[in-house]
Amino acid sequence: MNAAKHAFHAAAALLLLAAAGIAQAQSPGHPCAATEDPEARLACYDAAFPPVASAAGLDDAKREQARRDFGLSTVQKREMASEGERDATPERIEAIVASVSRRGNGQRLVTLDNEQIWLITEVTEKGQLKAGDAVVVRRGVVGNFLMRTPGRVTLRVRRVL
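Quick note on numbering: the sequence shown equals residues -25 to -1, 1 to 136 in mature numbering (1 follows the signal peptide of the UniProt record, and there is no 0).
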């Protein structure tokens, strides 16, 4: 029985690989590849895929910021941030619940009207939520987040999407 299962899986894998190879061989590629003249082909590719000039500088800036922030708590980073940076990261948001679904393990997923999805990390029946409820999500003490329900119940949440 096990040998038959393994043989079936091996055959299925080979068929998938063969199908992928055939599809790749039939793929015409990029239109620029058909251009005969090397300079014209290069110009075609340059036009199709322009260089991203600022990405390298952004990565360097992020790396430098990460080095400066290493070892700091979220609270310390916030205190050291400029006024403009502090205003850019809100302490809380207010939103309307669009839907609530339940995972197999009992945890609830809450989708808000701003398209954010939050997971209630504790399995509890406290803080019942339904579509149309107004909630407030705020920052907790150690980088976690808390959702306050209309019934004034505060639940630990984590942003999923």
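We put the CB at the ideal spot given by N, CA and C, even for glycine. Because the structure is a prediction, the values reported are computed rather than measured.
N- and C-terminal bounds of the beta strand (DSSP E) containing residue i
{"i": "A109", "result": "109 to 114"}
{"i": "E69", "result": "67 to 77"}
{"i": "L104", "result": "It is not in any beta strand (DSSP E) - L104 carries neither H nor E in the DSSP assignment."}
{"i": "F45", "result": "Note, F45: premise wrong, no beta strand (DSSP E); not H, not E."}
{"i": "L130", "result": "129 to 134"}
Unbroken alpha helix (DSSP H) run spanning residue i, endpoints
{"i": "E90", "result": "Taken as a continuous stretch (DSSP letters only), E90 belongs to no alpha helix (DSSP H), as it is neither H nor E."}
{"i": "V50", "result": "49 to 55"}
{"i": "R16", "result": "13 to 23"}
Alpha-carbon to alpha-carbon, residue j and residue i
{"i": "A22", "j": "T10", "result": "13 Å"}
{"i": "F45", "j": "R38", "result": "10 Å"}
{"i": "C19", "j": "D34", "result": "28 Å"}
{"i": "G102", "j": "D108", "result": "11 Å"}
{"i": "E14", "j": "F24", "result": "15 Å"}
{"i": "E100", "j": "S74", "result": "16 Å"}
{"i": "C7", "j": "L17", "result": "8 Å"}
{"i": "L47", "j": "T64", "result": "17 Å"}
{"i": "H(-17)", "j": "A(-23)", "result": "10 Å"}
Distance between beta carbons of residue j and residue i, contact taken as under 8 Å
{"i": "L121", "j": "T129", "result": "5 Å"}
{"i": "L84", "j": "I71", "result": "Wrong, their Cβ atoms sit about 16 Å apart, outside the cutoff."}
{"i": "V132", "j": "V112", "result": "7 Å"}
{"i": "E66", "j": "R127", "result": "With a Cβ gap of about 19 Å, E66 and R127 do not count as contacting."}
{"i": "T49", "j": "G118", "result": "4 Å"}
Residue burial classification, residue i (beta-carbon count within 10 angstroms, cutoff 16)
{"i": "residue 141", "result": "Any property of residue 141 remains undetermined from this structure, which presents the chain solely from -25 to 136."}
{"i": "L104", "result": "buried"}
{"i": "G79", "result": "exposed"}
{"i": "V116", "result": "exposed"}
{"i": "V98", "result": "exposed"}
Below-8 Å beta-carbon distance, residue i vs any chain C residue
{"i": "A(-14)", "result": "No chain C appears in the structure shown, which is made up of a single protein chain."}
Residue i CB to nearest heavy atom of the ligand PLP below 7 Å
{"i": "R114", "result": "Here there are no bound small molecules, and the ligand PLP is not part of this structure."}
Are there three or more Cβ pairs, one per stretch, closer than 8 Å when the segment 48 to 55 is compared with the segment 88 to 97?
No, because fewer than three Cβ pairs between the segment 48 to 55 and the segment 88 to 97 fall closer than 8 Å, the two stretches do not touch.
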